[in-house]
Each structure stands twice: as structure tokens, then as C-alpha cells.
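Below you'll find the structure, written out as C-alpha cells, and then a few comments.
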Amino acid sequence: MFKTISLKIDKRGVGTLKLNRPEKHNALSSTMINELAEVTEIINNENALRVVVLRGEGPSFCAGADLKWMQEQMEASANQRGLEAQKLANMLGGLNSLQKPLIGLVHGNIFGGGVGLACVCDVVVALDDSKFGFTETRLGLIPATIGPYVIRRMTEAKARTVFMSSRVFRANEAKDLNIAHRITKDELREKSLNVEVLPYLDCVPYAVEKAKELALRLGGVPSKEEIGYSVSMLVRQWESEEAKKGIKSFFEKKLLHR
0 MFKTISLKID KRGVGTLKLN RPEKHNALSS TMINELAEVT EIINNENALR
50 VVVLRGEGPS FCAGADLKWM QEQMEASANQ RGLEAQKLAN MLGGLNSLQK
100 PLIGLVHGNI FGGGVGLACV CDVVVALDDS KFGFTETRLG LIPATIGPYV
150 IRRMTEAKAR TVFMSSRVFR ANEAKDLNIA HRITKDELRE KSLNVEVLPY
200 LDCVPYAVEK AKELALRLGG VPSKEEIGYS VSMLVRQWES EEAKKGIKSF
250 FEKKLLHR
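Using numbering that gives the first Met the number 0, the first residue of the sequence shown is number 0, and each one after it goes up by one.
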């Protein structure tokens with residue numbers, strides 16, 4: 000059914016939503032963005048689902064946006080750029096507002112859009128050797144559409160310590176920044192995941208759904224204006240010469256401004 004993701008539901012009602020582009024470190028391509036948006040509708044309409052685990056196949060959870068996809072947007076029409084940026088924003092918004100609890104199990108590289116995916120999860124379990132970073136600015140890009148969710152999760156003060164610098168940081172710091180909630184070792188990953196999953200199975204599903212709805216309402220879902228601004232910022236950066244040079248330098252294995 001899907002090319003870049005998979006969804007499996009066990010007899011307990013626990014869904015496993017897996018990013019499945021391991022050869023690309025699960026980078027967010029146009030197809031993956033579309034499929035993640037589509038699967039949110041399936042999840043919301045599946046009464047048998049109690050809780051969803053988001054994880055990645057292969058060496059990394061998600062290394063960010065696919066740079067070939069980014070490069071395509073730089074060469075596309077202004078209208079197409081706007082549509083693609085909005086699709087990315089809509090996908091993140093759909094996962095953030097998912098009616099079921101969403102637990103992220105992250106490992107390997109969690110960069111850029113991968114951090115954004117972590118920040119739309121309700122709970123994040125991270126392996127202790129995971130690496131995190133907002134690496135966009137190294138390439139002349141910015142963490143635009145993930146921004147509304149990242150800032151809310153981390154708080155502005157904490158976000159500003161890592162949001163602009165492309166500095167790579169480890170799981171313990173990610174926990175201090177509110178990106179991750181539980182740190183575990185590889186051999187304990189499933190046990191640690193179950194510590195977060197099992198309590199939901201003792202709850203009334205409708206009550207869990209309404210409690211999440213309340214938390215989102217009281218905590219403040221990003222406004223249309225904020226989402227629109229982040230989309231316009233991404234489009235603007237795609238149009239910049241700096242970003243074009245940054246992407247080109249990546250494919251040439253060179254660092255910009257080094």
C-alpha cells in the first residue's frame with residue numbers, strides 16, 4: 000500500500016508506524032510526506048488502534064528532508080514550491096494533532112525534519128547513542144516548518160541554544176531540551192518502549208483521545224498565521240542563492256563557508 004512507510008497493528012491495538020527508506024536514513028521525500036499525511040487519516044479512523052509507535056527502519060530514525068527533494072523545489076515554479084512546503088507543514092500538523100497517543104522511538108541520526116517528527120510525538124524514547132541537530136543552516140537552509148512544534152516543545156529560550164547553529168548533540172542533551180523524555184540502551188529499547196506504551200492499554204480509548212485534545216487546546220496548537228509564516232520562510236529560503244550553493248556543496252561533499 001505504501002512505498003516509504005508501513006503501518007502494522009498488533010492484537011493489543013498497538014500500531015507501529017515505520018519510516019522505511021533505510022538506504023536514505025529515512026530522509027523525508029515528497030512520497031514519504033504524502034504517505035505520512037495519508038496514514039494519519041487511516042490511524043484516526045481505525046477504532047482498533049489504541050496507541051501508535053513511530054520509529055525508523057535501518058541505521059537512523061530520520062536524517063531530515065531529502066536534499067534531492069529540496070533541490071527539486073529550488074528548480075520548481077513558485078507555485079510548486081509553495082504547494083510542497085505547505086504539504087510538509089500539513090503533514091506535521093496532522094501528526095501533531097493525531098487522535099491517538101504517538102510515541103516516538105528514535106535512534107541513529109535525528110536531524111532537521113527528524114527532530115520535527117520527534118517534537119510532534121507525545122512521548123519520545125531515544126537510544127543513548129542517538130545524534131540530534133538542526134543541521135539546515137550548514138546548507139543555507141532553515142528549520143522552518145518544524146519551527147512551530149520545536150519551539151513549543153523546547154521553549155524559545157532552550158531552542159535558541161541549538162536552533163541556528165547546526166551543532167550536533169547527544170540524547171542526554173536532547174532530554175534536557177525536552178525533545179526526548181526517556182533515554183535507553185539499544186538492548187533495552189523494546190522494554191523501555193513498553194514502559195510508555197502499556198499504561199495507555201489500561202485506559203478508556205475515548206477518554207485518552209479527549210485528554211489529548213484538551214492538552215493540545217490548552218497548550219496552544221500553532222496558529223494558521225504561524226504555520227503560514229513558517230511555510231513562506233521555507234519557500235523564501237529555497238529561492239535563495241545561499242541555499243542553492245549549500246545544496247550543491249553537499250552533493251559535492253563540501254561544506255559551505257568552511
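Backbone N, C-alpha and C define an ideal beta-carbon position, used for all residues, glycine too.
Is the segment 124–131 touching the segment 80–93, taking contact as three or more C-beta pairs under 8 Å?
no
Which two residues bound the contiguous beta strand (DSSP E) that contains residue 30?
Locating residue 30 in the sequence shown gives position 31, counting from the first residue. Run containing residue 30: none in the beta strand (DSSP E); it sits in the alpha helix (DSSP H), 29–43.
Contact between the segment 10–26 and the segment 38–57 is defined here as three or more beta-carbon pairs at a separation below 8 Å; is this criterion met?
yes
Under a three-way DSSP split, which group does residue 183 fall into?
In the sequence shown, counting from the first residue as 1, residue 183 sits at position 184. Note: residue 183 maps to strand in three-state DSSP.
Cut-off 7 Å between Cβ atoms - residues of its own chain near residue 229, not counting five sequence neighbours on either side:
Counting from 1 along the sequence shown, the entry for residue 229 is found at position 230. If we look at residue 229 and ignore the five residues flanking it on each side, its Cβ neighbours are 88, 143, 144, 146 and 147.
What residues in its chain sit with their C-beta under 7 Å from that of residue 225, if we drop five residues either side in the sequence?
As a first step, residue 225 must be located in the sequence shown, where it is residue number 226. Closer than 7 Å at Cβ, skipping near neighbours: 147.
Indicate whether residue 236 and residue 150 have their beta-carbon atoms separated by less than 7 Å.
Position 237 of the sequence shown, counted from the start, is the residue given in the question as residue 236. Position 151 of the sequence shown, counted from the start, is the residue given in the question as residue 150. Against a cut-off of 7 Å, the Cβ pair of residue 150 and residue 236 comes out as no contact.
Looking only at its chain, what residues have a beta carbon closer than 7 Å to the beta carbon of residue 113, apart from the 5 residues adjacent to it on each side?
Taking the sequence shown and counting its residues from 1, the one referred to as residue 113 is at position 114. Around residue 113: 60, 61, 62 and 63.
Specify, as a first and last residue, the run of the beta strand (DSSP E) that residue 7 falls within.
Locating residue 7 in the sequence shown gives position 8, where the first residue counts as 1. Element bounds for residue 7: 4–8.
Mind checking which residues open and close the beta strand (DSSP E) that includes residue 130?
As a first step, residue 130 is located in the sequence shown; it is residue number 131 there, counting from the start. Taken as a continuous stretch (DSSP letters only), the beta strand (DSSP E) holding residue 130 covers 130–132.
Skipping 5 residues on each side, what residues in its chain have a beta carbon closer than 8 Å to that of residue 36?
Counting from one through the sequence shown, the residue named residue 36 turns up at place 37. Closer than 8 Å at the Cβ level, and outside the excluded window around residue 36, lie 86, 89, 90 and 93.
Please name the residue in 117, 156, 155 and 111 whose C-alpha comes closest to that of residue 95.
As a working note, residue 95 is residue 96 in the sequence shown. For residue 95, the nearest C-alpha among the options comes from 117.
Measure the alpha-carbon distance for residue 157 versus residue 180 and round it to whole angstroms.
Position 158 of the sequence shown holds residue 157. Position 181 of the sequence shown holds residue 180. Rounded to whole angstroms, residue 157 to residue 180 spans 15 Å at the Cα level.
Below 7 Å between beta carbons: does that hold for residue 249 and residue 138?
As a first step, residue 249 is located in the sequence shown; it is residue number 250 there, counting from the start. As a first step, residue 138 is located in the sequence shown; it is residue number 139 there, counting from the start. Cβ distance < 7 Å, so residue 249 and residue 138 count as in contact.
Paired residues, beta bridge with residue 102 - DSSP:
Taking the first residue of the sequence shown as position 1, residue 102 is located at position 103. DSSP, once it has assigned bridges, lists 52 and 122 as partnering residue 102.
Residue 98 to residue 208, Cα distance in whole Å?
Residue mapping note: residue 98 aligns to position 99 of the sequence shown, counting from 1. Residue mapping note: residue 208 aligns to position 209 of the sequence shown, counting from 1. So the alpha carbons of these two residues sit roughly 6 Å apart.
Using CA coordinates, which residue listed in 166, 104, 152 and 213 is at the minimum distance from residue 195?
Mapped onto the sequence shown, residue 195 falls at position 196. Answer by Cα proximity: 104.
Do the CB positions of residue 56 and residue 19 come within less than 7 Å of each other?
Within the sequence shown, the letter at position 57 stands for residue 56. Within the sequence shown, the letter at position 20 stands for residue 19. In contact: residue 56 and residue 19 (Cβ atoms closer than 7 Å).
Could you check if residue 176 is buried or exposed, using at least 16 other CB atoms within 10 Å of its CB as the buried criterion?
Stepping through the sequence shown from its first residue, residue 176 is reached at position 177. Answer is buried; the Cβ neighbour count reaches 16.
Using DSSP with H/G/I as helix, E/B as strand and the rest coil, what is residue 176?
The sequence position of residue 176 within the sequence shown is 177, counting from 1. Residue 176: coil per DSSP, three-state reduction.
Which term fits residue 100, buried or exposed, when burial requires 16 or more other beta carbons within 10 angstroms of its beta carbon?
Within the sequence shown, residue 100 is the residue found at index 101, counting from 1. With 16 or more other Cβ atoms within 10 Å, it is buried.
Chain-order list of residues whose beta-carbon lies under 7 Å from that of residue 243 (same chain, five-residue window excluded):
The residue you call residue 243 lines up with position 244 of the sequence shown. Only 73 meet the Cβ criterion.
Using only CA atoms, which one of 154, 136, 182 and 223 lies nearest to residue 127?
If you number the sequence shown from 1, residue 127 lands on position 128. Of the listed residues, the one whose Cα sits closest to residue 127 is 182.
By how many angstroms is the C-alpha of residue 8 removed from the C-alpha of residue 241?
Counting from one through the sequence shown, the residue named residue 241 turns up at place 242. Counting from one through the sequence shown, the residue named residue 8 turns up at place 9. The alpha-carbon atoms of residue 241 and residue 8 are separated by roughly 44 Å.
For residue 140, which of helix, strand or coil comes out of DSSP?
The residue given as residue 140 occupies position 141 in the sequence shown. Coil at residue 140, not helix or strand.
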